[in-house]
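In the numbering used here, the protein residues as written are 488 to 577.
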Amino acid sequence: MAGEIIEGIAMTYVITEPCIATKEASCVEVCPVDCIHSDDAAQQYFIDPGQCIDCGACVSTCPVEAIYADYDVPPAQERFIAVNAKFFAS
Numbered sequence: 488m489a490g491e492i493i494e495g496i497a498m499t500y501v502i503t504e505p506c507i508a509t510k511e512a513s514c515v516e517v518c519p520v521d522c523i524h525s526d527d528a529a530q531q532y533f534i535d536p537g538q539c540i541d542c543g544a545c546v547s548t549c550p551v552e553a554i555y556a557d558y559d560v561p562p563a564q565e566r567f568i569a570v571n572a573k574f575f576a577s
């Protein structure tokens, strides 16, 4: 795992703002371990760092280029590291 720790959770890959309201599910379909989740209230998908195997299959599949390794998230999107961690903290 890459490992930025936010709210006690070591993140692997982070889904950022371009996913909001788009929620195109190609990333979910290619994930070999089913670690990409959402719920009815969420406007985007989230990658469960406890399940993610760091394969990166989701990155190249995302049509809106919203998925980054935790260490590679663009500065303007860094707040989504905490947003993703918070989704799994509860």
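Note that beta-carbon positions come from the ideal geometry of N, C-alpha and C, so glycine has one too. A quick note: this is a predicted structure, and the numbers were derived from the prediction, not measured.
Helix, strand or coil: which one does DSSP assign to residue i?
i: A556; result: strand
i: V551; result: coil
i: V515; result: helix
i: I534; result: strand
i: I540; result: coil
i: V570; result: helix
i: C501; result: Note that residue 501 is Val in the sequence shown, not Cys. Of the three classes helix, strand and coil, the one that applies to V501 here is strand, per DSSP.
Got a sec? Which residues, its chain only, sit under 6 Å from residue i by beta carbon, not counting five neighbours each side?
i: Q530; result: I507 and A508
i: V520; result: Q538 and I540
i: F574; result: F533
Assuming residue i and residue j form a contact by the criterion Cβ under 8 Å, report the distance between their Cβ atoms to the nearest whole angstrom.
i: C542; j: C514; result: The Cβ separation is near 12 Å, so there is no contact.
i: M498; j: I554; result: About 12 Å separates the two Cβ atoms, so there is no contact after all.
i: V517; j: C545; result: 6 Å
i: V501; j: V551; result: Wrong, their Cβ atoms sit about 14 Å apart, outside the cutoff.
Around the Cβ of residue i, are there at least 16 other Cβ atoms within 10 angstroms (buried) or fewer (exposed)?
i: T503; result: buried
i: P536; result: buried
i: Y558; result: exposed
i: A572; result: buried
So, at 8 Å on beta carbons, what are the nonlocal neighbours of residue i in its own chain, with the 5 sequence-adjacent residues on each side left out?
i: K510; result: S525, Q530, Q531 and Y532
Beta-carbon within less than 7 Å of residue i's beta-carbon, same chain only, minus the 5 sequence neighbours each way: which residues are those?
i: P505; result: V551, E552 and A553
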